[in-house]
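A.B. asks:
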Amino acid sequence: MTADTGCVRLARMSPTSPTETRRPRPVTGWHSLTRAELRVARLVATGLSNRAVAEHLVVSPHTVDTHLRHVYAKLAIRSRVQLVRHALQFDSGD
1 MTADTGCVRL
11 ARMSPTSPTE
21 TRRPRPVTGW
31 HSLTRAELRV
41 ARLVATGLSN
51 RAVAEHLVVS
61 PHTVDTHLRH
71 VYAKLAIRSR
81 VQLVRHALQF
91 DSGD
């Protein structure tokens, strides 16, 4: 690998440019969810099982379970019914 290739690889890995600043993500609540967590939460809120969500997103059921546990913790909820309520109240579909 040359120095140029390494720089290109690092540039691709960087989510923002050096001049761009990101707003800090809240720690809790609907807006604290990552993109992956939101995708899982939205699909679960439509009534899909973890296995069906995994097939839809082409990931393992374990990955879906992990994202869902993070969603539950961030939203301070314990059930899929509560997740549906949050999705209906806060999700704008962005």
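Numbering (this note's numbering), first residue to last: 1 to 94. C-beta atoms are modelled at their ideal positions from N, C-alpha and C, and glycine is treated no differently.
1. Residues in the same chain with beta-carbon distance under 7 Å from Glu37, minus the five sequence neighbours each way, listed in chain order, please.
2. With DSSP as the reference, label Asp91 as helix, strand or coil.
3. Restricting to Cα atoms, I'd like to know which of Arg42, Asn50, Val58 is closest to Arg85.
4. State the start and end residues of the unbroken alpha helix (DSSP H) segment that holds Arg69.
5. Look at the alpha carbon of Ser92 and the alpha carbon of Val27, and state the distance between them as a whole number of angstroms.
C.D. replies: For this structure:
1. His67, His70, Val71
2. coil
3. Arg42
4. 61-75
5. 19 Å
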